[in-house]
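Those protein sequence lines, which keep their order, are chains A and B.
Residue numbers for the first sequence follow my numbering, beginning at 71 and rising by one.
Residue numbers for the second sequence follow my numbering, beginning at 71 and rising by one.
There are 2 protein chains.
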Amino acid sequence: MENAPEKIKRIKVKINGEDYYIKGTGSEEYIRGVASYVDKKMIDLSRSHKNLSAARIAVLAALNITDELFKLKQEYDEFLHMLESENSKG
Amino acid sequence: MENAPEKIKRIKVKINGEDYYIKGTGSEEYIRGVASYVDKKMIDLSRSHKNLSAARIAVLAALNITDELFKLKQEYDEFLHMLESENSKG
């Protein structure tokens, strides 16, 4: 059944020492990859900010990842814009 | 002094009701945009997960944003790959 709707999975992961149940339609590998990215960021930030609470470390991780998202978006947009100008030159 | 190194700014923002001082070389507008993105995610998640602690809400926000980052990366990679195959056709 290739066109069957993707099943929503519920996967248990550990982030910064706490258990989370993540729901998603992606593969288990994808969901674990997302969780492990956040876990790694939080561990790195905890090392460099030893006195911060878990909540503040998680917010810093979210800020960090948003910065990456915005920069990638900008790079992608600039690339598309460059292609468009190339094409409009004929 | 066009080539002077960018000054690191320290900007106070409010995320989920808490003050954060964010350091960065980006413009103040950019830093406020990043902070407001995380703030909005956390507020939305708090509304749909009323019993979760601020720490867990922040981790969910970070997971959410990582998912967006990974999906954008994948889209960008697929686009570059498509362009490469077009070019290799001659």
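By construction, the Cβ of each residue, glycine as well, lies at the ideal position given by its N, Cα and C atoms.
As the structure is a prediction and not an experimental result, all values here were calculated from the model.
Using beta carbons (cut-off 8 Å, strictly below), is residue i in contact with chain A?
i: Lys138 of chain B; result: Just to set this straight, residue 138 of chain B is Glu in the shown sequence, not Lys. Taking Cβ atoms only, chain A reaches closer than 8 Å to Glu138 of chain B, which makes this a yes.
i: Tyr91 of chain B; result: no
i: Ile81 of chain B; result: no
i: Ile78 of chain B; result: no
i: Lys84 of chain B; result: no
i: Ser158 of chain B; result: no
Considering Cα atoms alone, identify which of the options is closest to residue i.
i: Arg80 of chain B; options: B:Lys159, B:Gly96, B:Lys143; result: B:Gly96
i: Met112 of chain B; options: B:Arg102, B:Leu130, B:Glu98, B:Val104; result: B:Leu130
i: Ala125 of chain A; options: B:Lys77, B:Lys143, B:Ile85; result: B:Ile85
i: Val108 of chain A; options: A:Ser155, A:Val83, A:Asp147; result: A:Val83
i: Asn134 of chain B; options: A:Ile78, A:Gly87, A:Ile101; result: A:Ile101
i: Ala128 of chain B; options: B:Phe140, B:Leu139, B:Glu145, B:Lys110; result: B:Lys110
i: Phe249 of chain A; options: B:Glu88, B:Asn121, B:Ala105; result: Residue coverage of chain A in this structure runs from 71 to 160, which leaves residue 249 of chain A outside it and unanswerable.
i: Gly94 of chain A; options: A:Gly87, A:Thr136, A:Lys77; result: A:Lys77
Could you name the residues of chain A that residue i contacts, counting a contact when the two beta carbons are closer than 9 Å?
i: Leu122 of chain B; result: Here the premise fails: no neighbours, minimum Cβ distance about 10 Å.
Check: What are the complete alpha helix (DSSP H) segments, minimum 4 residues, inside the stretch 89-144 of chain A?
Finding: At a cut-off of 4 residues, the continuous stretches assigned as alpha helix (DSSP H) that sit fully inside the stretch 89-144 of chain A are 98-118.
Note to self: What are the residues in the stretch 127-155 of chain B lying within 7 Å of chain A by C-beta distance?
What the structure shows: Per Cβ criterion, the list reads Ala128, Val129, Ala131, Ala132, Leu133, Ile135, Thr136, Asp137, Glu138, Leu139, Phe140, Leu142, Lys143, Tyr146.
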